[in-house]
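Below you'll find the structure, written out as structure tokens, and then a few comments.
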Amino acid sequence: MAGLTYRKHCFALSDEKIVQRWCESPYSQHFCGEVFFRHELPCHPMSLTH
2 MAGLTYRKHC FALSDEKIVQ RWCESPYSQH FCGEVFFRHE LPCHPMSLTH
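Going letter by letter, the sequence shown gives residues 2 to 51 in my numbering.
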């Protein structure tokens, strides 16, 4: 979650866009600590605001 929040602020993206970008980019997933590429969402986009 911290990696997604950091990238959200760096790229000035909405919650929905940053989660979508995470699914499409192996680099984003590696930055956030994933070992293997995943095709499903890491979390619901609204959980980033809580």
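Beta carbons: idealized from backbone N, C-alpha and C, even for Gly. All figures in this text were calculated on a predicted structure; none of them were measured in a lab.
Simplified DSSP state of residue i, which is helix, strand or coil
i: M47; result: helix
i: L42; result: coil
i: L14; result: coil
i: E35; result: coil
i: S26; result: coil
Cβ-based burial, residue i [other Cβ within 10 Å; buried from 16]
i: V20; result: buried
Contacts around residue i, its chain only, beta-carbon distance under 6 Å, and the 5 residues preceding and following it disregarded
i: K9; result: I19
Close beta carbons around residue i, own chain, < 7 Å, minus the five adjacent residues each side
i: S29; result: R8, R22 and W23
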